[in-house]
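**Q** Residue 72 in our numbering sits at position 75 of the sequence shown, with consecutive numbering throughout. Mind having a look at this structure? Questions to follow.
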Amino acid sequence: MKNLILFILFIAQFTANGQQVVLHTAYSLLYSEEHEQAMWVAYTLTKEETIAQFSRSDNFRPDPMIESKSADDLDYKGSGFDRGHLAPAADMAWSADVMSESFFYSNMSPQNPSFNRGIWKKLEEQIRSWAVVYDSIQIVTGPVLTADLSQIGPNKVSIPKYYYKAILDNREGRQQAIGFVMANEKIIWPIRNYAVSIDSVEKITGIDFFEGLEGELEQKLESEICTDCWDWSITKISNPNPSHSNSTQCQGKTQNGERCLIRTKNESGFCHVHQNEVPAKEQVSKRSTTVRCIGSTKAGNQCKHMTYSPNSRCFQHGGD
């Protein structure tokens, strides 16, 4: 499993009641039932994984792996807070399944909209650029969870006052680490102003982030902070699949009640599998009876699919 490297650095630290370590495909987390969110989310991001293959799914839903049940839609509805990603959706855009998993509520935390869409987003973009420049980095991120925090929703989700990130570039010959601590509020200053040592992040969170490193190396990396050792430019990351840019996630529902993951360019918002779910008022332009698709197969024969599309083409041949 991809996230096992970081997982083994944490698992021995947490055995308290009300906390559960969960391994998803691309990230691990420690869920706090007391605060109804993750105390940390850990994952590795490679240069190859920064190339987006899929657009956002926006498939927010409870995490089925949380034994005590995670937060849900009702907790955030009308709260005034964003459902802020801890592991960013953009870091998970290399796989449809991984992207979908990034929208589990176990990966969400109540964030001030100005913070989530402002400096937090800029920090996420900077970290993706580092993954490109340095080939692969290890990331731990989360809220600073303390007693007596305000709460939202029926499940009493805590509203953190601060968030953190701990970044490790563990390549031979480079080996650098840097931390960030930011208040959950609108921030106008550059992200570089909020860089701190890993030791500083550990002090306010109580988490020993990279204890799997050799002792002297861990002490050196975590105690020092060298902002000039990091490239602060933002690398523009190209999308090799521009066909995804004009598509949207199907609005249809699967048999288990979850939103379909297929992307479609159909104006109705429904993929070919769920065309029967298109509201009746939107189907007026469709044919009343089916006709054979006029498209051609690779062998040069006329397609055998039947279609309702006005242009007489099925979904595989550009149907309307």
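Note that the Cβ used here is the ideal one computed from N, Cα and C, for glycine as well. Since this is a predicted model, take the numbers as computed values, not measurements.
For residue 182, collect the residues of the same chain with a Cβ closer than 8 Å to its Cβ; drop the 5 residues on either side in sequence, then sort them by chain order.
**A** Position 185 of the sequence shown, counted from the start, is the residue given in the question as residue 182. Cβ neighbours of residue 182 beyond the five flanking positions: 109, 111 and 112.
**Q** Which runs of the alpha helix (DSSP H) at least 4 residues long sit entirely within the stretch 98 to 157? Give them in chain order.
**A** Taking only runs of at least 4 residues, the alpha helix (DSSP H) segments lying wholly in the stretch 98 to 157 are 110 to 113 and 116 to 130.
**Q** Just the C-alpha distance for residue 89 and residue 169, rounded to the nearest angstrom, thanks.
**A** Position 92 of the sequence shown, counted from the start, is the residue given in the question as residue 89. Position 172 of the sequence shown, counted from the start, is the residue given in the question as residue 169. One C-alpha to the other measures close to 26 Å.
**Q** Check whether the stretch 131 to 138 touches the stretch 154 to 172, taking contact to mean three or more Cβ pairs, one atom from each stretch, closer than 8 Å.
**A** As far as the Cβ criterion goes, the stretch 131 to 138 touches the stretch 154 to 172, which means the pair count is three or higher.
**Q** DSSP three-state call for residue 228: helix, strand or coil?
**A** In the sequence shown, residue 228 corresponds to position 231, counting from 1. Reduced to three states, the DSSP call for residue 228 is coil.
**Q** Taking only three categories from DSSP, how would you classify residue 159?
**A** Within the sequence shown, the letter at position 162 stands for residue 159. Three-state DSSP puts residue 159 in a strand.
**Q** Apart from the five residues just before and just after residue 33, which ones in its own chain have a Cβ nearer than 6 Å to its Cβ?
**A** Your numbering for residue 33 matches position 36 in the sequence shown. Around residue 33: 68, 152 and 154.
**Q** Any chance you could list the beta strand (DSSP E) runs of at least 3 consecutive residues sitting entirely within the stretch 12 to 46, in chain order?
**A** Runs found: 16 to 20, 25 to 29 and 34 to 43.
**Q** Identify which residue in 51, 36 and 25 has its Cα closest to the Cα of residue 246.
**A** Reading the sequence shown from its first residue, position 249 is the one you call residue 246. Here the closest residue by C-alpha is 51.
**Q** Roughly how many whole angstroms lie between the Cα atoms of residue 311 and residue 257?
**A** Taking the sequence shown and counting its residues from 1, one reaches residue 311 at position 314. Taking the sequence shown and counting its residues from 1, one reaches residue 257 at position 260. Looking at the two C-alpha atoms, the distance is approximately 20 Å.
**Q** Whose CA, out of 77, 74 and 95, lies closest to the CA of residue 84?
**A** Working through the sequence shown from its first residue, we reach residue 84 at position 87. The option with the nearest alpha carbon to residue 84 is 95.
**Q** Measure the beta-carbon distance from residue 53 to residue 255 and round it to whole angstroms, keeping in mind my assumption that it falls under 8 Å.
**A** Reading the sequence shown from its first residue, position 56 is the one you call residue 53. Reading the sequence shown from its first residue, position 258 is the one you call residue 255. Incorrect: roughly 16 Å between the Cβ atoms, too far for contact.
**Q** Going by alpha carbons, who is nearest to residue 159 out of 178, 172, 171 and 173?
**A** For this step, residue 159 is matched to residue 162 along the sequence shown. The residue with the shortest Cα to Cα distance from residue 159 is 178.
**Q** Report the three-state DSSP secondary structure of residue 184 (helix, strand or coil).
**A** The residue you call residue 184 lines up with position 187 of the sequence shown. Residue state, collapsed to three classes: coil.
**Q** Just the C-alpha distance for residue 15 and residue 223, rounded to the nearest angstrom, thanks.
**A** Counted from its first residue, the sequence shown places residue 15 at position 18. Counted from its first residue, the sequence shown places residue 223 at position 226. If I take the Cα positions, the gap works out to 37 Å.
**Q** What is the DSSP secondary structure of residue 79, reduced to helix, strand or coil?
**A** As a working note, residue 79 is residue 82 in the sequence shown. Three-state DSSP puts residue 79 in a strand.
**Q** Roughly how many angstroms separate the alpha carbons of residue 81 and residue 148, rounded to a whole number?
**A** Sequence index remark: in the sequence shown, residue 81 carries index 84 (1-based). Sequence index remark: in the sequence shown, residue 148 carries index 151 (1-based). C-alpha separation (whole angstroms): 15 Å.
**Q** Counting along the chain, where does the alpha helix (DSSP H) carrying residue 197 start and finish?
**A** Here the question's residue 197 lines up with position 200 in the sequence shown. Element bounds for residue 197: 195 to 202.
**Q** Within 10 Å of its beta-carbon, does residue 204 have 16 or more other beta-carbons around it, so buried, or fewer, so exposed?
**A** Here the question's residue 204 lines up with position 207 in the sequence shown. By the 10 Å Cβ count, residue 204 comes out buried.
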